[in-house]
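Notes follow the structure.
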Amino acid sequence: MVSIEGLTVEFGGFTLFDDISFVVNKKERIALVGKNGAGKSTMLKILAGIQPPTRGNVSYPKEITIGYLPQHMTLNDGNTVFEEASLAFAHIQKIESELEYVNKQLAERTDYESEAYSNLIERSTYLNEEFLMSGGNNFQAEIEKTLMGLGFKRTDFTRPTSEFSGGWRMRIELAKLLLQRPDVLLLDEPTNHLDIESIQWFESFLSTRANAVVLVSHDRAFLDAVTQRTIEISLGRIYDYKVPYTKYVELRKEYREQQMRAFENQQKQIQKTEEFIERFRYKATKAVQVQSRIKQLDRLERLEVDEEDSAMLSLKFPPAPRSGSYPVIAENVEKSYGDHLIFKDVTLTIHRGDKVAFVGKNGEGKSTLVKCIMDEIDFKGKLELGHNVKIGYFAQNQAQLLDGERTVFETIDYVAVGDIRTKIRDILGAFMFGGEASDKKVKVLSGGERSRLAMIRLLLEPVNLLILDEPTNHLDMRSKDVLKKAIQDFDGTVIVVSHDRDFLNGLVDKVYEFGNQQVKEHLGGIYAFLEKKKMDSLTELEKGSSTANSKSEEVKKEEIQDVANKLSYEERKELNKQIKRVEKQIEETEKEIENKETEKTEIEEKLATPDGGMDTSLFERHAQIIKEIEESMNRWEELTMELEELANNQ
C-alpha cells in the first residue's frame, strides 16, 4: 500500500538513513523501534509527507488517506470537547447541511414538473445515500464511545477544550484521528498521555478496528498487544521481522549469534588458506595449489556481522542514606481545587525500602498526591515524612522545564555543587552525552535525550526516597531497562507514577489505585492488580459508553441515573457500615492470632527444657493452640474475602 524505496536522509554530513526500502501493506500493524535519536520520528514525518528525504521515494496509491499523530502538536481552543471531536466528521456534517437545504427547497417549491425540481429530487436521493454510507446515523455514538474509551466522562463533553491540560487535549486529537479511520495511521508515542485503562481500550481499538498502523512506542506490552511486525532502525539500517517486538528481540539475538558463528568460522578458514599461501608461495611444486587458493580467496564472498549500536546508558543511584522506618505516613489527606474534590480520606503508610506504584486514570490525583508529599501545595489532613528523609524528585514535565538556550554541560553545571562538579563530564558520558554531545543546546535534543538530562539531576546528591512521575515517557527500550534495573538495585524507597505495565512489572510490590476520589492499596505487582480488577475485558467501560440516539434520550438517561444515585445513598451508607464492621473483626482476629502465636512460642520454649519435656499438659495445650491458630487463620481468610467482596460493591 505504501512503498519506501532507497530512502536516504543526511544532516550536515551525518547519515540518518542509508538506502532503506520496505513496504507497508494493508491491515499491517508495524512497530517502529530503535534507540532515542535513531530516526523513528523522522521516518513517520517522511511517511506523512511532512519532511522530504535526501534521496529515495515514498509511493502511495491514489485516494489513500494518512492520519498522523506527532509527539507534540499545536492544539486549537474555542470548541467544546464534543464539538472538537466532531470535526472528524466534518464531511458528514457538510452532507447533512446540504441535505437540509435541498429538502427545504423541495418542500417550498411547487414547480413539480420542471427539470430543476427533478434535479433536486436526484440530488436529495444522492445525498441521502451518501449520508447513510458515511455512517451519518451513528457518528455521534462513535464520537461518544471513542471519547469515553480514551478516558473522558460525559460531563466533559460540553466543557471547552481550553479547560483541559495538554495531555488531555492530545487525547482529543487522538480521538479525532481514530474517528477519521485513515487507511494508514502513523502514531508517535501515542500512549504517553494515556492511563492504563485507556491504553487497554486503545489496544483493542487498534487490534480490531484500525487499518494499517505504523507506531513508535517504548511501551513493550502495548507493542506486543497491537503489532505483528517490527522494524528496528539502527545505525542507518533497518531490521524487518514479521513478529511482535518481544519475539523480534529473541530472533534478532539468535540471528546475530548465527552471524557471529558463521563469520568466525569463515575467518578461521581464511586464516588457514592465507597461512598455506604464505608457507608454499615460493615452492615450485606447490605453485598450482597456491594459485588455486589465491583464486579461492578472491572469489570468496566475505561475511559481515551487523554493526551493533553499543552506546549504552549507565545508571546507578548513589547509596541511600538510612531514613526512618516509615518515610511517608498519610492520614485522612484531602485535596480540592475550589469545589472540585480530587481525593479524600487518603490514609497510607509507605515503609522504608518499599517500591510502590501510583496508578489510575489521569486527573484522579496521582501527581497531586506527589505534590502534597513534596509540600508543593496545601491540603487537609496529616502527612508526615519520616526521620532523615531526603527526596529525589523527577516531575512529569521536568524535561520540558529545561532551559533550551543552555548547553547540556551548562544545564548540569548550573545545579551541581561541591566535588561533584569535577565529575560532570564523566556523568554526562555515562548518559550518552560524551564528547561533542555535551556542547549541544537543549533545544535541539529529542524528547528522550531531554528526559535523560533531567534524570541526571537525581544523581547529584544521595537521596533515600525517589519520587518518579512518569519517568519513562520518551525513553527508549534500552534506557528504560537500565532505569528499571537501577531502581531495583536502589536500596531506598521508591514511588513511581506510571502507566507502563512492562516497566512496573517486577519493579513494584504494592499498587495504590487512584479513582472515584479515593486511594486504595493493593498488595502485589502490577499484573496481579490488573487481573484482580479485570481491566483486560474493560466491560464496565463498554457498558458506560452505550449511547442514546438523541440528546433528549441522553438527558433522560442522566436523570434516571441521578434518581438511582439518590435511591442508592442509604444502601451505600449501609455498605460502609458493613465494611467497617468486617475491618474491625479482621483487626480483632489478627490480634487474637498474634497472642496465640506468642503463647505457642512460650510453650515450645518450656517444652525444650528437661522439666517441660515431661509435662503432658503442655503437649496437650500445644496441640490445642495449633488447632486454634488454624481456626483463627481460616476465620481471617473468610473475613478478608468478605471485605474484598464488599469493597468491590462500593
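Residues 4 to 653 (the working numbering) are what the sequence shown spells out, left to right. All C-beta atoms in this analysis are idealised placements derived from N, C-alpha and C, irrespective of residue type, glycine included.
Cβ atoms of residue j and residue i: under 8 Å apart, would you say?
i: threonine 475; j: lysine 488; result: no
i: alanine 323; j: phenylalanine 436; result: no
i: glycine 407; j: valine 445; result: yes
i: valine 216; j: arginine 32; result: yes
i: histidine 390; j: glycine 438; result: no
i: leucine 649; j: valine 585; result: yes
i: tyrosine 71; j: leucine 189; result: yes
i: phenylalanine 92; j: leucine 182; result: yes
i: isoleucine 345; j: glycine 368; result: yes
i: leucine 461; j: phenylalanine 397; result: yes
i: leucine 130; j: isoleucine 98; result: yes
i: valine 219; j: leucine 47; result: yes
i: valine 497; j: isoleucine 490; result: yes
i: valine 36; j: threonine 233; result: yes
i: threonine 83; j: arginine 162; result: yes
i: threonine 604; j: serine 635; result: no
i: valine 362; j: valine 522; result: no
Can you tell me which of the three DSSP states residue i falls into?
i: glutamate 334; result: strand
i: arginine 32; result: strand
i: phenylalanine 25; result: strand
i: isoleucine 69; result: strand
i: valine 511; result: coil
i: phenylalanine 167; result: coil
i: leucine 238; result: coil
i: phenylalanine 361; result: strand
i: valine 61; result: strand
i: histidine 625; result: helix
i: glutamate 2; result: Past the boundaries of the shown model lies residue 2; the chain is included only from 4 to 653, so the question cannot be answered.
i: valine 246; result: coil
i: glutamate 13; result: strand
i: glutamine 273; result: A small fix is needed here, since residue 273 is isoleucine in this sequence, not glutamine. It is helical.
i: tyrosine 258; result: helix
i: leucine 463; result: coil
i: phenylalanine 434; result: coil
i: isoleucine 394; result: strand
i: valine 291; result: helix
i: glycine 421; result: helix
i: glutamate 524; result: strand
i: histidine 502; result: coil
When burial is assigned at 16 or more other CB atoms within 10 Å of the CB, is residue i buried or exposed?
i: serine 44; result: buried
i: lysine 594; result: exposed
i: isoleucine 236; result: buried
i: phenylalanine 167; result: buried
i: glycine 528; result: buried
i: lysine 245; result: exposed
i: serine 441; result: buried
i: glutamate 304; result: exposed
i: glutamine 627; result: exposed
i: asparagine 467; result: buried
i: isoleucine 67; result: exposed
i: threonine 149; result: buried
i: isoleucine 241; result: buried
i: aspartate 198; result: buried
i: tyrosine 251; result: buried
i: leucine 318; result: buried
i: serine 555; result: Note that serine 555 has pLDDT 42, beneath the 50 cutoff, so the model's placement of it is unreliable and no number is given.
Considering only residues of the same chain and omitting the five flanking positions on each side of residue i, which have a CB-CB separation below 7 Å?
i: aspartate 505; result: Asp222, Arg223, Ala224
i: lysine 546; result: A caution first: lysine 546 carries a pLDDT of 42, below 50, which makes its placement in the model too unreliable to give a value.
i: lysine 271; result: none
i: aspartate 472; result: Ser370, Val373, Phe397, Ala398, Gln399, Val500
Quick one: what's got a C-beta closer than 6 Å to residue i's C-beta in the same chain, skipping five residues either side?
i: valine 511; result: Lys358, Val359, Ala360
i: phenylalanine 160; result: Val84, Phe85
i: leucine 180; result: Gly70, Leu72
Less than 8 Å between C-beta atoms, sequence neighbours within five positions excluded: which residues of the same chain meet that for residue i?
i: serine 39; result: It should be pointed out that residue 39 corresponds to asparagine in this sequence rather than to serine. Counting only Cβ-Cβ distances below 8 Å, and skipping sequence neighbours, we find Ser449, Gly450, Gly451, Glu452, Arg455, His477, Leu478, Asp479, Ser482.
i: asparagine 28; result: Met4, Ala215
i: phenylalanine 622; result: Leu610
i: glutamate 13; result: Leu19, Thr57
i: glutamine 292; result: Phe279, Phe283
i: isoleucine 459; result: Ile415, Ile430, Leu431, Phe434
Taking Cβ positions only, does residue i come closer than 8 Å to chain D?
i: threonine 113; result: No chain D is part of this structure, which consists of one protein chain only.
Following a CB-centred definition, is residue i positioned closer than 7 Å to any heavy atom of the ligand ZN?
i: valine 497; result: Absence of the ligand ZN is noted for the structure shown, with no ligands found whatsoever.
Quick check: the region 379 to 386 against the region 421 to 433, are at least 3 beta-carbon pairs closer than 8 Å?
no
I want to know whether the region 52 to 62 touches the region 168 to 177 - three or more CB-CB distances under 8 Å.
no
Quick check: the region 598 to 610 against the region 620 to 634, are at least 3 beta-carbon pairs closer than 8 Å?
yes
Pairing CB atoms from the region 105 to 112 with CB atoms from the region 120 to 129, are three or more of them under 8 Å?
yes
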